[in-house]
Amino acid sequence: VVIEFPYVFVQTLIYGSVYYAMASFAWTAAKFIWYIFFMYFTLLYFTFYGMMTTAVTPNHNVAAIIAAPFYMLWNLFSGFMIPYK
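Taking the working numbering, the leading residue of the sequence shown gets 347, the next gets one more, and so forth.
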């Protein structure tokens with residue numbers, strides 16, 4: 347589990363930086379750090395949930411079946427990222 351922290355952090359920095367620029371968010375240090383902070387913990391949450399479902403089910407196929415509806419609901423009610431212009 348601990349090995350996921352640096353991998354998710356690198357993934358967050360790469361994806362977060364590209365998305366932040368493409369969404370035309372305000373380029374201030376505080377806003378960018380808050381964005382990376384929330385993105386990092388969101389990705390950790392999804393990663394750890396996937397690991398948990400794999401651990402508590404008999405195999406990875408059952409875990410995917412159980413996890414998919416939860417991922418769909420979380421994405422459905424997560425809102426939209428609309429940049430302020």
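The beta carbon of each residue, even a glycine, is placed where N, CA and C say it ideally should be. All figures in this text were calculated on a predicted structure; none of them were measured in a lab.
C-beta neighbour in chain D for T374, strict 8 Å: No chain D is present in this structure, which holds just one protein chain.
Beta-carbon proximity of T358 to M385, cut-off 8 Å: To locate residue 358, count along the sequence shown from 1; it is residue 12. To locate residue 385, count along the sequence shown from 1; it is residue 39. Yes. Within cutoff.
Among M418, A375, F387 and V408, nearest to F351 - alpha-carbon criterion: Numbered from 1 along the sequence shown, position 5 holds the residue referred to as residue 351. It is F387.
Burial state of Y353, where buried means 16 or more other Cβ atoms lie within 10 Å: Stepping through the sequence shown from its first residue, residue 353 is reached at position 7. Flag for Y353 reads exposed.
Cα-Cα separation, F371 to Y365: Translated into positions along the sequence shown, residue 371 becomes position 25. Translated into positions along the sequence shown, residue 365 becomes position 19. Straight-line Cα distance between these residues: approximately 9 Å.
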